[in-house]
Amino acid sequence: MKPQWQKVYDALASDIGAGIYSPGERLPSEHDLSASLGVSRNTVRRAFLSLSQDGFIRIVNGRGSYVTPHGVTYEIDATSRFRQTLESLGIKRDQTVIENTVVAADGDVAAALGLSPGDDAVRHVSVIWGDGTPFLLSRRYFPASLVPHLAEEIAREHSFTRVLQLHNLGDLHRDTTTVSTRLPDQEEARLLSCPLNAPVLEVLALGRLADGRIAEWQNALMPGSLVRLTFKSALQAL
Numbered sequence: 001m002k003p004q005w006q007k008v009y010d011a012l013a014s015d016i017g018a019g020i021y022s023p024g025e026r027l028p029s030e031h032d033l034s035a036s037l038g039v040s041r042n043t044v045r046r047a048f049l050s051l052s053q054d055g056f057i058r059i060v061n062g063r064g065s066y067v068t069p070h071g072v073t074y075e076i077d078a079t080s081r082f083r084q085t086l087e088s089l090g091i092k093r094d095q096t097v098i099e100n101t102v103v104a105a106d107g108d109v110a111a112a113l114g115l116s117p118g119d120d121a122v123r124h125v126s127v128i129w130g131d132g133t134p135f136l137l138s139r140r141y142f143p144a145s146l147v148p149h150l151a152e153e154i155a156r157e158h159s160f161t162r163v164l165q166l167h168n169l170g171d172l173h174r175d176t177t178t179v180s181t182r183l184p185d186q187e188e189a190r191l192l193s194c195p196l197n198a199p200v201l202e203v204l205a206l207g208r209l210a211d212g213r214i215a216e217w218q219n220a221l222m223p224g225s226l227v228r229l230t231f232k233s234a235l236q237a238l
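Per my numbering, residue 1 is the first one in the sequence shown, and the count goes up by one each step.
This is the structure:
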């Protein structure tokens, strides 16, 4: 015989799969479900936790539990961008900028960008949302010397790509992409609204300008339950 929480899990998973609850929709509260199903709130809470771990929902403290979108496939090539994938699927995209500042490049960042340790780099950290769900935590680094007052220009234009165009530097092409999986740390899990024990995709990507100069090094995290990656060619991009 299945435990009570498993029955609640199965019922909600079935309703989500049948479209009774749509992506981005808030589920009934633990209190309401426990009353309607005749089970304890702890039983509902256990079912919610399992649904979250399996990628059906995301739990936002103080706000409730929301159905997560599924089936987003990101096809990576030399110039593709994740925001374009969301837009092509009709998913409303938004971005929260967490940090955009000049920092001293440490060993890893300096090596990736071809700088000396301690040289100035712009660190840009943001979360990309789709229909209210956090899909991608991006940590991007750019050589500060690439454009005068680069951090200020990115803040004004809301786009590194746009800054490159304004300075006639051409398009950004990513020539290496490395993908692995790991568990998020506590801050990453908070920003992505995912459980600490749910694997995330970690994508490291290096971008160059047409003249060969390194212009970007990116570390991006995406919940493995939300995103699939495919590679279109040998020239890969994030």
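We put the CB at the ideal spot given by N, CA and C, even for glycine. Note that the structure is predicted; figures quoted are calculated from it, not measured.
Contact set for residue i: own chain, Cβ-Cβ below 6 Å, skip 5 residues either direction
| i | result |
| --- | --- |
| N219 | R139, L204 |
| L86 | R93, G130 |
Collapsed DSSP secondary structure at residue i in the structure displayed
| i | result |
| --- | --- |
| D171 | coil |
| Y21 | coil |
| T178 | strand |
| T73 | strand |
| N42 | helix |
| S34 | helix |
| F56 | coil |
Sequence-distant residues of the same chain with beta carbon closer than 8 Å to residue i, five excluded per side
| i | result |
| --- | --- |
| A112 | Y141, L206, I214, W217 |
| S34 | S40, R41, T43, V44 |
Whether residue i touches residue j by CB criterion (9 Å)
| i | j | result |
| --- | --- | --- |
| L183 | L196 | yes |
| S225 | G55 | yes |
| G128 | R83 | Before going on, a small fix: residue 128 reads as Ile here, not Gly. In contact: I128 and R83 (Cβ atoms closer than 9 Å). |
| T79 | D171 | yes |
Buried/exposed call for residue i, threshold 16 Cβ in 10 Å
| i | result |
| --- | --- |
| I98 | exposed |
| A18 | exposed |
| L166 | exposed |
| M222 | buried |
| P134 | buried |
| H31 | exposed |
Own chain partners of residue i with C-beta closer than 7 Å, once the 5 adjacent residues on each side are dropped
| i | result |
| --- | --- |
| K242 | Nothing can be reported for residue 242: it is not among the residues displayed for the chain, which extend from 1 to 238. |
| A144 | V102, D120, A121, V122, L150 |
Closer than 9 Å to chain D by CB, residue i
| i | result |
| --- | --- |
| T43 | Among the chains in the structure shown there is no chain D, since it carries only a single protein chain. |
> Can you list, in chain order, the stretches of the alpha helix (DSSP H) that have 4 or more residues and sit fully within the stretch 83-116?
Replying inline: 107-113
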